[in-house]
Amino acid sequence: MQDSLVLFGILIALLAGLAAGKFWERYKLQEGRWIDRRKIRQSPHFILGLNHLVLGQVDLAIEQLEKAAALDPNTLELRLVLGNLYREKGQVGRAIHEHQSLLQRPRLSRLEHANIQLCLGLDYRRGGFVDRATAAFTEVLRLDPESEAALANLEKLQEDQHQWQDAYITRKRLAQLAGPPDQPKSQSILAFLETEIGLQALKEDRLDDAAHRFEAAIDADGSIVTPFIYLGEVQQKQGDLLAAIATWERAIDVSPDRSYLAFGHLERAYAQANTPGRFPELCRRLTAASPREWRARLALARHLDAQNRPLESLELLLDALEHNPHALAIHQAIWNTLSVLDLPRPLVARYIEVTRRSVFYLDPHVCTRCRYRSTELLWQCPHCHEWNTFVEERIAPATDQEAEIPVVTP
Ligand SMILES: [Zn+2]
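Last residue of the sequence shown: 410 in our numbering, with the numbers rising by one and none dropped.
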C-alpha cells in the first residue's frame, strides 16, 4: 500500500512537471503579463497577411502582419519580415529603422543577431549605402561564417566596385560551402573574375602577371573565350606572335559561336606572320562547319573588299544577310560594296529582295536569366548581374499571321 502511494506521488509529480512544461512552452512572461505564444500564429491577421503575401499584395500583407505583430510586440521574426517588406516597397529608410531597432533588443542569440544584420545589409545595399552594406555582411559572416546569402551579396558589392580580387576570394569561399553541385557555376564565375584581375594587370603593363591570370582563368573554365583573346594580346606584346596566333585559334576551337571575337586579331597576325592566306581559309572553314555562321562571311567579305574583289565580297554579304537580316553591319558593308561597284541595278534589286523578306530587330542579344536586351554581347548582365547569360537572338521568318498588322481606323 505504501509502495503504491509513493508510485502515485511520483506519477502526480511527473504530470505536474509536464503540465508546467507545456504551460511554459505556450506562454511566456512579458512585462508582468503571461503572453500566449500561439496567439500570433492563430490570429486571423497572420493568416490573412500570409495570403496577401502569396498573392503579391504587399500593402495589404503589411497591414495585416502589422496587426498580428501588435499582439506580441516582442516577436522577432515577424518584425524582420515586416522590415523586408518595407524594403521591397522601396521604403528603405523605414526598413533600416525597423531592423536597427531589433538590434537593440537584449538577449539576442548569435543566429538572431546574424539574421538581423543580413536584413540590414540588404536594406543598405538597396539604398546604395555600399560601405554600410559591406560592414553589415562582414558582421554576418563573423557571427555565421557559413552564411551563403551574406557571401553572395558581398561578392556582388565587390564586383560592383570592381574589387575583383576581393570578389574572387569571396567566390572561392562560396564555392567551398556550396559543394560539388554548384562547382561548375562557381568555376565559370571564378574564370571571369580571374580575367578581370588579369585585365587590371594588362592595363598596368604587368604582362607576366596578366598572362598568369588569363591562364588561370582558362584552367578554371576552358569554355570561356575572353581569357584566350587577352592571353593572345599579352603574347603578342611579349613578341611571341606564333604563340598569340595559336591562342586565338584555340579561342575559336573552344567557342565557335564567339569566334568572331578573334577575327580581327587573327587577320592582322596572319598578315604579320606572312601567311595572309590563312584568314580566308579560316573563314571558309567556319562557314562550312556552321552554314548559318554570318560573321565569318562578313569578315571574309571585308577581307576581299580590301583586296579589291567587290563582286565576290557582295555575294558573301548577301548570303550573310539571309542568315541574319537584323545585323546592321552587313547592311553597311553591302552599301559600301554597292557604292564601290557604282550601284548596278540588278544587284541593288537583289539586295532589296533579300531585305523585303526580313524582319528587323534592333537588340539582338538577350539575357537568358532576366530577358534584358542589349545591342552588343555583354559578359555580365547590367540588370541581374549574372555572368555569361547573353545569347544572340536569332529570328525566324515571321508567319503570315504575325506579319499582318491590323489597320486601326480612327
Ligand atoms: Zn540578366
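The C-beta atom is built at its ideal place from N, Cα and C for all residues, glycine as well.
*Please list, in chain order, all residues of the same chain as A243 whose beta carbon is under 7 Å from its beta carbon, the five residues on each side excluded.*
Q235
*asked:* As an exercise, report each continuous alpha helix (DSSP H) stretch of at least 4 residues that is fully enclosed by the segment 176 to 254, in chain order.
replied: 183 to 203, 207 to 220, 226 to 237, 241 to 254
*Using 10 angstroms around the beta-carbon of R295, count the other beta-carbons present and answer buried if the total reaches 16, otherwise exposed.*
buried
*Quick one: grab the DSSP three-state call for H383.*
coil
*Confirm, please, whether the CB-CB distance from A333 to L321 is below 7 Å.*
For L321 and A333, no; Cβs fall outside 7 Å.
*Can you give the Cα-Cα distance for L298 and R371, rounded to whole angstroms?*
27 Å
*Inter-residue Cα distance where the pair is E204 and G198*: 10 Å
_So within the segment 272 to 302, which uninterrupted alpha helix (DSSP H) runs reach at least 4 residues, ignoring any that extend past its ends?_
With a minimum length of 4 residues, the continuous alpha helix (DSSP H) runs that stay inside the segment 272 to 302 are 278 to 289.
_Alpha-carbon to alpha-carbon, A114 and A135_ = 12 Å
*Do you know whose CA, among F214, V140, R132, I352, lies nearest L193's CA?*
Measuring from the Cα of L193, the nearest candidate turns out to be F214.
_Alpha-carbon spacing of Q165 relative to S186, whole angstroms_ = 15 Å
_Counting C-beta neighbours from all protein chains within 10 Å, is the total for Q64 16 or more, i.e. buried, or is it exposed?_
buried
*Select from N274, S188, R250 the residue whose C-alpha is nearest the C-alpha of K172.*
S188
_Closest by C-alpha distance to L80, when choosing among Y260, I116, K67, L300_ = Considering only alpha carbons, the answer is I116.
*Pick out the complete beta strand (DSSP E) segments inside the segment 311 to 352, 3 residues or longer, and give them in chain order.*
Considered as a whole, the segment 311 to 352 harbours no complete run of any beta strand (DSSP E) with no fewer than 3 residues.
*Kindly indicate which three-state DSSP category H52 falls into: helix, strand or coil?*
helix
*With a cut-off of 8 Å, do at least 3 Cβ pairs link the segment 343 to 352 to the segment 301 to 309?*
Because the criterion of three Cβ pairs below 8 Å is not met, the segment 343 to 352 and the segment 301 to 309 do not touch.
*Under a criterion of Cβ closer than 5 Å to any non-hydrogen atom of ligand 1, which residues qualify, in chain order?*
C367, R369, C370, Y372, C381, H383, C384
_Spatial distance of Y168 from E155 (CA atoms)_ = Rounded to the nearest angstrom, the two C-alpha atoms are 8 Å apart.
_Cutting at 6 Å between CB atoms, please list the residues of its own chain near P364, excluding the five before and the five after it._
H326, E392, E393
*Pairwise C-alpha distance: H162 and V130*: Counting only the Cα atoms, H162 lies some 13 Å from V130.
*Identify whether R41 lies in helix, strand or coil by the three-state DSSP scheme.*
helix
*Helix, strand or coil at R373 [DSSP, three-state]*: strand
_Looking at the secondary structure, which residues open and close the beta strand (DSSP E) in which F390 lies?_
390 to 392
_Check whether D59 and I96 have beta carbons under 7 Å apart_ = no
_Our contact map puts A269 next to L241 with C-beta atoms below 8 Å; I'd like the distance itself, whole angstroms only._
6 Å
*According to DSSP, is H365 helix, strand or coil?*
Look at H365 here: in three-state DSSP terms it is strand.
*asked:* Are the CB atoms of A68 and H485 within a distance shorter than 7 Å?
replied: Coverage of the chain is limited to positions 1 through 410, which leaves residue 485 absent and any answer about it impossible.
*ligand 3 heavy atom lying under 6 Å from the CB of H303*: By its list of ligands, the structure shown excludes ligand 3, since it contains just ligand 1.
*P227 classed as buried or exposed, judged by whether at least 16 other C-beta atoms fall within 10 angstroms*: P227 is buried by the Cβ-count criterion.
_Buried versus exposed, by CB contacts within 10 Å (16 or more), I352_ = exposed
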